[in-house]
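Engineer: The number in our numbering is simply the position in the sequence shown, starting from 1, with 23 added.
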Amino acid sequence: INPQAVPFCTDPLDSDPAMAEHEEEAPPRALTWEEIQDILSNESIGEAPTPDICRLYRAIFCLRQAAPSKPEAVASLEAALRSRRGGPGGEGGIRFESVLFRHECCYLLGQIGADCEDQVGRQAAYDCLMEVLLDETEDEVTRHEAAEGIVAVHGAGTTSSADGQDDAQGLLSSEVFKILERLALQSGGRGPLGETCHLAVEGMRRHGATRVCACQYASHDPALGEPSAQAADLPRYTKMLLDESVELFQRYVAMFTLRNLGAGEVLVQALDADQSSAVLRHELAFVLGQLENEVAVTALTRSLGKVQEHAMVRHEAAIALGSIGGEISKRALREFSSDKEPMVAESCLVALDTAAYWEAWERLEERMRREG
């Protein structure tokens, strides 16, 4: 993974002792485990209407590297999602109300839970994500991310049969499959939650327990790109992605295949052109952020600026712009950092913080090269 995909978690002073001479100019150092716990337990930092979203975001993304173990990282995210004002029995509602924060907690629970070597950590992540998914008081965007996380965790914990093939029959009869199928059917497979549950069901049918791409990206994705695809296959997968009559899961396969082939211009075209699915457009913005290709900046800026667009798409466009960086990206992020949609405004603030962090590191490295 490109280090910029994990903001704030690489400490240049630790990675290169020579940088210690320039400590005053260095980016903020990575948070320690103790500091993360202090931030997540602070009684005021996460309260609406003005949560300190940049500190919260830094804390949970540093948590993956700073936690003593993956189960402890899972426990910390679980506690943040379940935390209530006044303590465990508080009557004032959830303490961390930010949809962005809760959505990112679910994303990390899915990724870290899937990477847990032991069943205890995976089960804790699964239980918390299922609780969020079934809670109809949660925002649909948060429930959508919980559904993706559940499939990642459940797939990672599924056993294989003796011949090395996934135990597909057991997977398809499992509790999680039935719940996801029910939620997909209830919504007719429409909307962020319905489409996500439909994609999850199709992924379990077609991929079984295999959830990690055999490519340069280590994320647990909703669908797998075709591992044997080559440059000669670009026209085929481009046509598949751009054709809105093609089944959504197949378009996801095409999208991740094109990502793995580095076809950023095609993904940009799809983001601009699609009118069929906010879930697809949000995933397109996500993979363009993974590619960190400046060719995507104009399209991502357009997506961010569409006030009629779903907040999850605008959010993902903002985060991708923060990963790519540059003056055009920052100008767009500043423009929408006070957007009336809280998830969009918070995403812009977080993305600006991310961009500033990596720019500070790059300036420091450049100065050190010039000096020596």
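Backbone N, C-alpha and C fix where the C-beta goes; we use that ideal spot for every residue, glycine too.
Write down the C-beta distance between Ser-242 and Leu-271 rounded to the nearest angstrom, noting that I regard them as a contact closer than 8 Å.
Structural biologist: To locate residue 242, count along the sequence shown from 1; it is residue 219. To locate residue 271, count along the sequence shown from 1; it is residue 248. Incorrect: roughly 19 Å between the Cβ atoms, too far for contact.
Engineer: State whether the segment 260-268 contacts the segment 217-229, with contact taken as three or more CB pairs (one from each stretch) at a distance under 8 Å.
Structural biologist: No: the two stretches stay apart, fewer than three of their Cβ pairs being nearer than 8 Å.
Engineer: Quick one: what's got a C-beta closer than 7 Å to Ser-370's C-beta in the same chain, skipping five residues either side?
Structural biologist: Numbered from its first residue, the sequence shown carries residue 370 at position 347. Answer for Ser-370: Leu-123, His-338, Ala-341, Ile-342, listed in chain order.
Engineer: CB Ala-322 to CB Leu-284, shorter than 8 Å?
Structural biologist: Here residue 322 corresponds to residue number 299 of the sequence shown, with the count starting at 1. Here residue 284 corresponds to residue number 261 of the sequence shown, with the count starting at 1. Contact flag unset, no.
Engineer: What residue does the alpha helix (DSSP H) around Gly-211 start on, and which one ends it?
Structural biologist: Stepping through the sequence shown from its first residue, residue 211 is reached at position 188. Taken as a continuous stretch (DSSP letters only), Gly-211 belongs to no alpha helix (DSSP H), as it is neither H nor E.
Engineer: Tell me which residues share the same chain as Ala-308 and place their Cβ nearer than 7 Å to its Cβ, disregarding the 5 neighbours each side in the sequence.
Structural biologist: Along the sequence shown, read from residue 1 onward, the residue named residue 308 stands at position 285. Excluding residues within five positions, the ones whose Cβ falls inside 7 Å are Leu-294, Leu-323, Ser-326, Val-336, Glu-339, Ala-340, Ala-343.
Engineer: Rounded to a whole number of angstroms, what is the C-alpha to C-alpha distance between Glu-159 and Trp-384?
Structural biologist: Taking the first residue of the sequence shown as position 1, residue 159 is located at position 136. Taking the first residue of the sequence shown as position 1, residue 384 is located at position 361. When rounded, the distance between both Cα atoms is 42 Å.
Engineer: Going residue by residue through the segment 94-155, where are the continuous alpha helix (DSSP H) segments of at least 4 residues, counting only ones entirely within it?
Structural biologist: Here the runs fully enclosed are 122-138.
Engineer: Out of His-126, Gly-116, Arg-107, state which residue places its alpha-carbon closest to the alpha-carbon of Phe-84.
Structural biologist: As a working note, residue 84 is residue 61 in the sequence shown. Residue His-126 is the option with its Cα nearest to Phe-84.
Engineer: In chain order, what residues of the same chain have a beta carbon less than 7 Å from the beta carbon of Tyr-149, not counting five sequence neighbours either side?
Structural biologist: Here residue 149 refers to the residue found at position 126 when the sequence shown is read from its first residue. For Tyr-149, where only same-chain residues beyond five positions count, the Cβ hits under 7 Å are Gly-136, Ile-173, Val-176, His-177.
Engineer: With a cut-off of 8 Å on the beta carbons, I'd call Leu-132 and Leu-100 a contact; round off their distance for me.
Structural biologist: Here the question's residue 132 lines up with position 109 in the sequence shown. Here the question's residue 100 lines up with position 77 in the sequence shown. Indeed they touch by this definition, with Cβ atoms about 5 Å apart.
Engineer: Give, in chain order, every unbroken run of the alpha helix (DSSP H) that is at least 4 residues long and sits entirely within the segment 277-310.
Structural biologist: Listed in chain order, they are 287-296.
Engineer: Starting from the C-beta of Arg-166, find all residues in its chain whose C-beta is less than 6 Å away, skip the five residues before and the five after it, and write them out in chain order.
Structural biologist: One-based indexing of the sequence shown puts residue 166 at position 143. Contacts found: Leu-156, Leu-216.
Engineer: Grouping DSSP H, G and I as helix and E and B as strand, with all else coil, what is His-243?
Structural biologist: One-based indexing of the sequence shown puts residue 243 at position 220. Looking at His-243 - three-state DSSP - the assignment turns out to be strand.
Engineer: Taking one C-beta from the segment 388-395 and one from the segment 352-369 each time, how about it: are there three or more such pairs within less than 8 Å?
Structural biologist: Judged by Cβ distances under 8 Å, the segment 388-395 makes no contact with the segment 352-369, as fewer than three pairs qualify.
Engineer: Taking 8 Å as the threshold (C-beta atoms), are Asp-256 and Phe-279 in contact?
Structural biologist: Here residue 279 corresponds to residue number 256 of the sequence shown, with the count starting at 1. Here residue 256 corresponds to residue number 233 of the sequence shown, with the count starting at 1. Going by C-beta atoms, Phe-279 is not nearer than 8 Å to Asp-256.
Engineer: With respect to the alpha helix (DSSP H) encompassing Gln-88, which residues constitute its N-terminal and C-terminal limits?
Structural biologist: If you number the sequence shown from 1, residue 88 lands on position 65. Taken as a continuous stretch (DSSP letters only), the alpha helix (DSSP H) holding Gln-88 covers 76-89.
Engineer: Taking C-alpha atoms, which residue in Glu-57, Val-330, Leu-375, Glu-306 lies nearest to Glu-168?
Structural biologist: Your numbering for residue 168 matches position 145 in the sequence shown. That would be Glu-306, whose Cα lies nearest to the Cα of Glu-168.
Engineer: Do Ala-246 and Gly-214 have their beta-carbon atoms positioned less than 8 Å apart in this structure?
Structural biologist: If you number the sequence shown from 1, residue 214 lands on position 191. If you number the sequence shown from 1, residue 246 lands on position 223. In this structure, Ala-246 does not lie closer than 8 Å to Gly-214 by Cβ.
Engineer: Counting only the same chain and skipping the five closest in sequence on each side, list residues whose C-beta sits under 6 Å from that of Val-276.
Structural biologist: Position 253 of the sequence shown holds residue 276. Ala-246.
Engineer: When you compare only the Cα positions, how much space is there between Val-318 and Gln-298?
Structural biologist: Here residue 318 is taken as the residue at index 295 of the sequence shown, counted from 1. Here residue 298 is taken as the residue at index 275 of the sequence shown, counted from 1. If you take the alpha carbons of Val-318 and Gln-298, they lie about 21 Å apart.
Engineer: Alpha carbon to alpha carbon, how far is Arg-87 from Arg-78?
Structural biologist: Within the sequence shown, numbered from 1, the residue matching residue 87 stands at position 64. Within the sequence shown, numbered from 1, the residue matching residue 78 stands at position 55. The straight-line gap from Cα to Cα measures roughly 15 Å.
Engineer: Please classify Tyr-380: is it buried, with 16 or more other beta-carbons within 10 angstroms of its beta-carbon, or exposed?
Structural biologist: Working through the sequence shown from its first residue, we reach residue 380 at position 357. Classification of Tyr-380: buried, given that the 10 Å Cβ count is 16 or more.
Engineer: Out of curiosity, what's the CA-to-CA distance linking Ala-334 and Gln-253?
Structural biologist: Reading the sequence shown from its first residue, position 311 is the one you call residue 334. Reading the sequence shown from its first residue, position 230 is the one you call residue 253. Answer to the nearest angstrom: the Cα atoms are 34 Å apart.
Engineer: Does Arg-259 come out as helix, strand or coil in the three-state DSSP assignment?
Structural biologist: Position 236 of the sequence shown, counted from the start, is the residue given in the question as residue 259. Correct three-state label for Arg-259: helix.
Engineer: Can you look up Ala-370 in the DSSP assignment and give me helix, strand or coil?
Structural biologist: For this step, residue 370 is matched to residue 347 along the sequence shown. Ala is not the amino acid found at residue 370; the sequence shown has Ser there. Helix.
Engineer: For Ser-183, count the other beta carbons within 10 Å of its own beta carbon; 16 or more makes it buried, fewer makes it exposed. Which is it?
Structural biologist: Counting from 1 along the sequence shown, the entry for residue 183 is found at position 160. Because Ser-183 carries a pLDDT of 41, less than 50, the predicted location of this residue cannot be relied on, and the following value inherits that uncertainty. With fewer than 16 other Cβ atoms within 10 Å, it is exposed.
Engineer: Please confirm whether Ala-98 and Trp-56 have their CB atoms less than 8 Å apart.
Structural biologist: Residue numbering aside, residue 98 sits at position 75 when the sequence shown is read from its first letter. Residue numbering aside, residue 56 sits at position 33 when the sequence shown is read from its first letter. The answer is no: Cβ separation not under 8 Å.
Engineer: Given that a residue counts as buried once 16 or more other Cβ atoms are within 10 Å of its Cβ, and exposed if not, what is Asp-141?
Structural biologist: On the sequence shown, residue 141 is found 118 positions in, with the first residue counted as 1. That one is exposed.
Engineer: Straight-line CA distance for Val-143 to Met-153?
Structural biologist: Counted from its first residue, the sequence shown places residue 143 at position 120. Counted from its first residue, the sequence shown places residue 153 at position 130. Straight-line Cα distance between these residues: approximately 15 Å.
Engineer: Would you say Cys-151 and Leu-104 are within 8 Å of each other, going by their C-beta atoms?
Structural biologist: Taking the first residue of the sequence shown as 1, we reach residue 151 at position 128. Taking the first residue of the sequence shown as 1, we reach residue 104 at position 81. For Cys-151 and Leu-104, yes; Cβs fall inside 8 Å.
Engineer: Output needed for Leu-311: all residues of its chain with C-beta closer than 6 Å, excluding positions within five of it in sequence on either side, in chain order.
Structural biologist: The residue labelled residue 311 in the question sits at position 288 within the sequence shown. Closer than 6 Å at Cβ, skipping near neighbours: Leu-290, Ala-319, Ala-343.
Engineer: Spatial neighbours of Ile-76 within its chain, please: C-beta separation below 8 Å, excluding the five flanking residues on both sides.
Structural biologist: Your numbering for residue 76 matches position 53 in the sequence shown. The residues are Ser-121, Leu-123, Phe-124, Glu-369, Leu-372, Val-373.
Engineer: Measuring only the C-alpha atoms, how far is Asn-316 from Asp-61?
Structural biologist: Sequence index remark: in the sequence shown, residue 316 carries index 293 (1-based). Sequence index remark: in the sequence shown, residue 61 carries index 38 (1-based). Rounded to the nearest angstrom, the two C-alpha atoms are 36 Å apart.
Engineer: Taking the C-alpha atoms as reference points, what is the distance between Glu-249 and Lys-201?
Structural biologist: Within the sequence shown, the letter at position 226 stands for residue 249. Within the sequence shown, the letter at position 178 stands for residue 201. C-alpha separation (whole angstroms): 27 Å.
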